[in-house]
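Residue numbers (our numbering), protein chains in the order written: chain U, 251 to 493; chain C, 16 to 263; chain S, 629 to 1400; chain Y, 50 to 243. Where a beta carbon is used, it is the ideal one built from N, C-alpha and C, also for glycine. A quick note: this is a predicted structure, and the numbers were derived from the prediction, not measured.
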Amino acid sequence: MSDTNTPQMVKVREKKTIFLHWFNATCWLLLLLSGFGMISGDFVRLAPAFWPEFMQGLFNGNDNLVWVHAIVGLAWVAVFVLFVLLNFKSVVWPFLKNVLVLTPMAALRDTWSMVVTLAHLFGIMKNTQVPPQGRYNGAQRLLGTMIIFCSLLLAASGAYLFFGPMVFSFADDALCGAIFRWALVAHAASVFLVLVGLVAHIYFAVVEERESLEAMKSGNISVDFIKHHNELWYDELKREGKV
Amino acid sequence: MVAKYVMLADTVRCIDCKACVISCRAEWETPMGYSRDWVKQVEFIKANGMPEVMLFPGRCQHCDEAPCIEACPSGAAYKREDGMVLQDDAICSGCELCVPACPYDARWLNPKTNTISKCTFCQPRVDKGLEPACVQTCVGRALIFGNINDPNSEVSRLLAEKEWVKLTTDEVNIGPNHYYYTAGEAIPAEVMPKLHDRHLAGKVMENVVNPAGVIGVGGMVLAFLGAGVMKLIGRRNEVGTHENQEGK
Amino acid sequence: MSTPNQFDPSRRAFLGATMGGTALSIAGLPSQALARINAPHEHEKLKETTEVFGFCDMCYWRCGLKIRSRDGRAVKIDGNPEHPNNWGVVCGKGNAGLMVAYAPNRLKYPMKRVGKRGGGEWKQISWDEALNEVAENLNKVKKEHGSQALALIGHGSWEKPYHRLAHAFGTPNTTSPVFGLCCGPRGLANMMVVGRNLTGNETIDLENCKYFLMMGRNVTESLHNGETLGWVNGVANGAKVVYFDPRYSITASKADEYYALRPLTDHAFLLAMINVVINEELYDKQFVAEQTLGFDELKERVKQYTPEWAAPITDVRADDIRRLAREMAAKAPSVFVYAPRRMTRSSNDLGTGLSITILNTLFGVWGRKGGVFTPQKYNVPEPDLPEFKHAHIAHRVKTGGDFDFSAMDIPSEHIVDEHGKYQRADGAGVMGRWPIANAQYGLTNEMWRAMAEQKPYPIRALITAGGNGFLNSTNYDIIRKALETIDFYVAADVIPNEMNAYADILLPEASYLERYDDLQIGGAREGYVAVRMPAIKPMHDTRDAWTICKQLADRMDLGAYFPHESIKELLDDRLKKAGSSLAEIEKVGILKTARDDKINFPRDHGNPLKIKTPGGKTKAEFVPSMLKNMGYDKALDYVEQVRPKDDEFHMTFGRVGYHTHARTQDNIWTADFMRENVLWIHPEPATKRGIKEGELVTVTDQKGRSGEIKAKVTARIRKDTIFMVHGFGHWDKRMTTAYGQGVADSDLASYEVEPHVGSMSMGLSLVKVEKA
Amino acid sequence: MRPQLYLFASGLFNQPTPARLEMLRGLLAELREAGPPNAPWGETLIALEPQLDYDEGMQAEYSRLFILAVPCVPAQPFGSYWLEDDQRLLGDSTLEIKHMMAEYGIEVAGNTGLLPDHIVSELEFMAYLAGLDETAHQTQQKLLEQHFARWMPQFTAALREVNPAPRYRLAADFLDQLIDWDRLQEWQLSSPSD
């Protein structure tokens, strides 16, 4: 599509970052599929009933499925930890700086921009302009913040859910069981929270802004796109002489 | 036809000798202070001023709509095709979410194994063609076990012969598969199932996280499906006009 | 297809309605629970076991068992479905038998006392030392005082070799509590009237009986599997149950009618029943005419005992008595007047027993379906042994069953009989003392007295095999004195207790799961012989009774009385004479004769009942001639019983289904259900004394003996009566579970002696109860 | 030297026969020679030396402490008494010891009347293992951590409660010192190499 115009492109991502994104996506997919297969009571009706049955049948028992889920989860955590350790300065720190929504004002601003963007989707508030955005727009910043915290929570609660019963004697100390139960709540709540954002994330990537999807494959993106969507970033890039 | 197992307890025949309880203890090596079955002795004064004693042998009722299964987050609690509600030790993490879910108090955390223990209708014995340990030892033959789907079984015969009742209330009616015969006497409230306060974490999961999550995710999916559809309609209406924009 | 699940609309509300959830999983119907069925799961496994046969030793009914073991450890006790004592069922106690073998408090090695007797200090010695010591001391006593100076008190399914050893030694003084402290008067009454003792394993056709008149026979809590199951079946088959007991027991809860009879007045009620049955001609006329004696005299004697006379004594209304008599007569002969198991209660237990037997005889229950059957025998000869010095008490009459009170020979009235043989020191079967008491089992209570007082002649040595002299008897002072007076005391037992704490030598018995024992030979509808095999190797350095006795006999030159090399050889020898072998019975556990209604119910088949009374008659004797000859027929007449003053109570005690006597309180599995006993007291007297449920109270008897116990305030007992479960209040600190739990009822029970039989009248005690 | 140490401990808790005491005296001399220097039981052994002469009275004391007495035996010398929830004998823990012994082709001799988890059997088993080459190392570790360390300190504490004769008070001290030392050795041995 874009090659007919051969617009000016700029490299915004390294290969390893792209790899990490798709690795993350793959892990999430696997963990969601296996996780929904494991947790199956009416108590946590996460998936249609056929799914746990299918998955548990496929893996010949829920204990095997638990192992698959745990191994993928552990790999996910391990790769992330490794990535953070190796690329903290070059990638992670800038990303965190760009993404974390830490003040109420920032949150308010981001929420407003997100609302306007969403409203445009449904053809309302046409006269209101989306305020100029940085490298990550309001919605992305909010989702990113959420994902970072939810991922930490998922990793921690997941580790306890898996290792807790092996390490602690729940019968001896009621607290261990209580932590388990709340870890379960935290685990599920985090997944839901991320999923809510993920729906929008995928929609925009697949339907609205195909180019951003391309960018997550090649690492390059057109300057026009940035100019149009991320005005502040464009300014920044210009200042830095990158475009 | 698939078997469906039920337990019958003829309270008139029960003599509170605890044979069932100790037999179960020996067979399944339950730790001291815990038991998979029990005999409840209920004393009360009748309307005519006379004292009365009733005896209720009990255990997991292997309910059709077992709330323990639905409360189990890991799938360790399950129901076999023949109606037995069982516990998969390899999966159970011992979180005890199922414990208060049972209105018959049939589940407990086994300190020896750190998993939930409960009556299994002696499924391993039944699979080998034996009676459950409690039934085999029952001195008054108050406990009778068998396949209700077999019209020739003793349980089918007895169920047809006498008026049996289940321990259900308006509040708790989850299809127990344990029948009681009391010769027409009303069952005292002490024996009836009771709803327990579930763990707060469970309630939060069930009533907050789960619905909120489903509504949230579902809502988002619906919303964006809507947006997609609108976009399609918009595109059809404004063919050409917005071609550039679409091309992006 | 399986039946579809019944969906209940109320279920949704119960589940707390995850309506949000249903939206997503609508595709997931049917319910999640059902979906799980198909997912693969692991489940519990039944571990492999090996199985041997045995019979139980947790109570004295002796049910047939199959013991499952794994890895050298017995893991489960099942019933033997072929055994007529239990038809495959096993009670709580029977199931808890494993914990007898595994109790940490067991006697583990032969021990020799050091320090003073009863001081509780021993040292471990080898079996050789122990047996030598016992043999030496017994021989010394024999040399110095004669062989009659040895007493034996046995209690358990393995006491038999000790009896043989004592008889071989040459003493007549062998005794078991079963007669004088338990069923004596009831067995005796049956013997006197119809020539069979009807105790031990009772021969009642329970399943087919249509009417039970139960005189405090608490068949559900003082339970014997086969008997209880038979009775429950009988009740399920439509039998009417009329139950008499000052306490509303579990048996009462199964009864159609319950009477809170005034304690000790059973005899008055029964006499009134007899009066009605005779006056209204409700009896079995043919049987009375053809097979009984003394009807007219009986009629004359009970004339005064009208229902109106009995009503104020017993608290049972006169018209109820009449109605019950008529109802029973209508169902006769498929009726049974059920005697209590332990009938050592009132000051006239013999009279009570006699009137029960007389009523049963009037209703013609003997040899009739639904009444009392005639047991079959499985003939297994005893080995050939040399003559015993006291042959008349050394051989059991072979009618089958373990408690056989039929030895009724009455020797002469001197301490030494005409052949120069010593008579029993407890006076059982001795003219001028307790002539009608059974000479086989003797009067344990009187044996203790003989030891304490050294009368009528010195008893200097004692062997006890099982039992607990303190908690099964009532006069602690006498027992303590006896144990301190004698020269030598050797105790054989599995567990420690208050009595064997006094032993000079302690011989640790293997538990019944670790050993062979002599054959169990019984008479039920079928005659049978059953085997006990070891399920596990002995846990500690213990031996079985037969081996101990044989090795003692060898050391005392009495080896001829134990001619077999091993217990297995003995069993094989006996079984071979009966046409089988040890190898054969070990495969099946029990050998039985075929059922034969003609033998069990002769009178249903037109044959007369075979009767031989101790009085030598071939007909049932309403007024036993033997009693008459001795002037004991006054037992037929009612004797006024004690009544509590306003602030006093009748002291009663009894059983629960999961404890046997004083033997199971230290068993951790049975103690789990009841660690200590409580005092049952009616709310009215409790309120008067300010006693609340669970509070500590002090019980004091008229002799000043007292104890502290928690109260159970319940309307299930008469206002003038208190009750506690028997066997608690252990003070032996070696019993770590039972020690100090509750009160010993035996320390509060009366130790009056029944004036005819010589057994104890434990129910005569009156006590006061106060808040502690 | 570990075999001798455990053999000595085992002998201390066995019935005090003249022959056994003679053996113990011999072992004691050997142990005092052998060290190791600053061994925690140094003083205990010195104190024990005069306590190891045969004395008829010790028979009763031994019975009072470990077999049968009124009042009760304070220190049941069986592992399963302390490790099983119902204080039974011949529990799963007993069978575990039995199986460990079977792996080395040994079992408790029938005529001793001892269970595999009797303190005497367990300590002697350890002495046997300690005398083998390194292959028995894992079993020793298991025995030490999952059996000795879990019940013997409770056992010795119960023993001290009832004022035992000096010999048995010292025996309790020695056993505690030995187990602590052995666990420390084990820990020091295993930590750097892993």
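Minimum C-alpha distance to V718 of chain S - residue among S:D1045, S:F683 and S:D1275:
If we check each option's Cα against that of V718 of chain S, S:F683 comes out closest.
F127 of chain Y versus chain S: which residues are under 9 Å apart at the beta carbon?
Those are P732, listed as they occur along chain S.
So what's G1187 of chain S in DSSP terms, helix, strand or just coil?
The answer is helix: DSSP assigns G1187 of chain S an H, G or I state.
Determine, for T470 of chain U, whether the minimum Cβ-Cβ distance to residues of chain S falls below 7 Å.
The identity of residue 470 of chain U in the sequence shown is Asn, whereas the question assumes Thr. Output row for N470 of chain U: interface = no.
Give me the chain U residues within the contact set of S132 of chain C, using Cβ-Cβ distance strictly less than 7 Å, ordered along the chain.
Under a criterion of Cβ atoms nearer than 7 Å, no residue of chain U is adjacent to S132 of chain C; the nearest Cβ is some 10 Å distant.
Provide the residue span of the alpha helix (DSSP H) that contains A438 of chain U, from first to last.
Taken as a continuous stretch (DSSP letters only), the alpha helix (DSSP H) holding A438 of chain U covers A424 to Y453.
Using a Cβ-Cβ distance under 7 Å, would A663 of chain S count as near chain U?
The predicted model places A663 of chain S with a pLDDT of 48, which falls under 50 and marks its position as unreliable, so this point remains unresolved.
Are there three or more Cβ pairs, one per stretch, closer than 8 Å when the stretch 1184-1202 of chain S is compared with the stretch 1004-1015 of chain S?
The answer is yes - the stretch 1004-1015 of chain S touches the stretch 1184-1202 of chain S, with three or more Cβ pairs under 8 Å.
Spatial neighbours of L270 of chain U within its chain, please: C-beta separation below 6 Å, excluding the five flanking residues on both sides.
So the list reads F333, once near-sequence residues are dropped.
Check the DSSP bridge columns for Q102 of chain C and list the partner residues they point to.
Per DSSP, the beta bridge partners of Q102 of chain C are C:A92.
Taking Cβ positions only, does A724 of chain S come closer than 7 Å to chain Y?
No, A724 of chain S does not count as interfacial toward chain Y.
Contact check, A58 of chain Y vs F174 of chain Y under 8 Å by CB: the rounded distance?
Contact doesn't hold; Cβ gap of about 12 Å is too wide.
Do you know offhand how far T276 of chain U's Cα is from L463 of chain U's?
Each residue's Cα considered, the two are about 15 Å apart.
Using a cut-off of 7 Å between C-beta atoms, extract the partners of D134 of chain Y located in chain C.
Chain C residues near D134 of chain Y: P46 and M47.
Check the Cβ of Y737 of chain S against every Cβ in chain Y and list those closer than 7 Å, keeping chain order.
Among the residues of chain Y, those whose CB is under 7 Å from the CB of Y737 of chain S are I116 and G162, following chain order.
Residues that V905 of chain S contacts on chain Y, provided the C-beta gap is smaller than 8 Å:
Here the premise fails: no neighbours, minimum Cβ distance about 54 Å.
Is T395 of chain U buried or exposed, if buried means 16 or more other CB atoms sit within 10 Å of its CB?
Under this definition T395 of chain U is a buried residue.
Thinking C-beta only, is V821 of chain S closer than 7 Å to A1248 of chain S?
For A1248 of chain S and V821 of chain S, yes; Cβs fall inside 7 Å.
With distances taken between CB atoms, is the gap from K1347 of chain S to P1383 of chain S smaller than 7 Å?
Cβ distance not < 7 Å, so K1347 of chain S and P1383 of chain S don't count as in contact.
I1309 of chain S vs V1270 of chain S beta-carbon contact at 7 Å
Not closer than 7 Å, so no.
I'd like to confirm the pairing. Which residues does DSSP put opposite K751 of chain S in its beta bridges?
DSSP output for K751 of chain S lists S:K740 as bridge partner(s).
Beta carbons nearer than 9 Å to chain Y: which residues of the stretch 1360-1383 of chain S have them?
Of all residues in the stretch 1360-1383 of chain S, D1360, K1361, R1362, M1363, T1364, T1365 and Y1367 have a Cβ within less than 9 Å of some Cβ in chain Y.
Chain U within 7 Å of G98 of chain C, Cβ atoms only:
False, the Cβ-Cβ gap to chain U never drops below 7 Å.
Taking the alpha-carbon positions, what's the S1194 of chain S to P789 of chain S distance?
Going by the C-alpha atoms only, they are around 13 Å apart.
Could you pull the DSSP bridge partners for I1133 of chain S from this structure?
DSSP, once it has assigned bridges, lists S:K740 and S:V1118 as partnering I1133 of chain S.
In its own chain, which residues sit with a C-beta less than 6 Å from the C-beta of T130 of chain C, not counting the 5 before and 5 after it?
So the list reads D104, C107 and G109, once near-sequence residues are dropped.
Closest by CA to V435 of chain U, which one among C:Q151, C:Q102, C:A216 and C:C87?
Among C:Q151, C:Q102, C:A216 and C:C87, the Cα nearest to that of V435 of chain U belongs to C:A216.
Unbroken stretches of the beta strand (DSSP E), 3 residues or longer, contained in the stretch 1146-1205 of chain S:
Scanning the stretch 1146-1205 of chain S from its first residue to its last, the whole beta strand (DSSP E) runs of 3-plus residues come out as 1148-1151 and 1155-1158.
Please say whether V449 of chain U and V236 of chain C have beta carbons closer to each other than 7 Å?
Yes.
Considering only residues of the stretch 969-1019 of chain S, which uninterrupted alpha helix (DSSP H) runs meet the minimum length of 4 residues and lie entirely inside it, listed in chain order?
Counting only runs of 4 or more, we get 977-990.
Run through chain C and tell me which residues come within less than 9 Å of T856 of chain S, C-beta to C-beta.
Within chain C, the residues near T856 of chain S are I30, C32, V154 and G155.
Is there at least one Cβ from chain C nearer than 7 Å to W343 of chain U's Cβ?
Answer no: the Cβ-Cβ gap between W343 of chain U and chain C never drops below 7 Å.
C-beta atoms of A1065 of chain S and L1071 of chain S nearer than 7 Å:
Yes.
Quick check: the stretch 1333-1340 of chain S against the stretch 1374-1381 of chain S, are at least 3 beta-carbon pairs closer than 8 Å?
By the Cβ rule, the stretch 1374-1381 of chain S counts as touching the stretch 1333-1340 of chain S, because three or more pairs are nearer than 8 Å.
Runs of alpha helix (DSSP H) lying entirely within the stretch 182-222 of chain C, each at least 4 residues, in chain order:
Note on the stretch 182-222 of chain C: whole alpha helix (DSSP H) runs with a minimum of 4 residues are 215-219, in chain order.
I want to see whether chain S comes within less than 7 Å of Q108 of chain Y, judged by CB atoms only; does it?
Yes, Q108 of chain Y counts as interfacial toward chain S.
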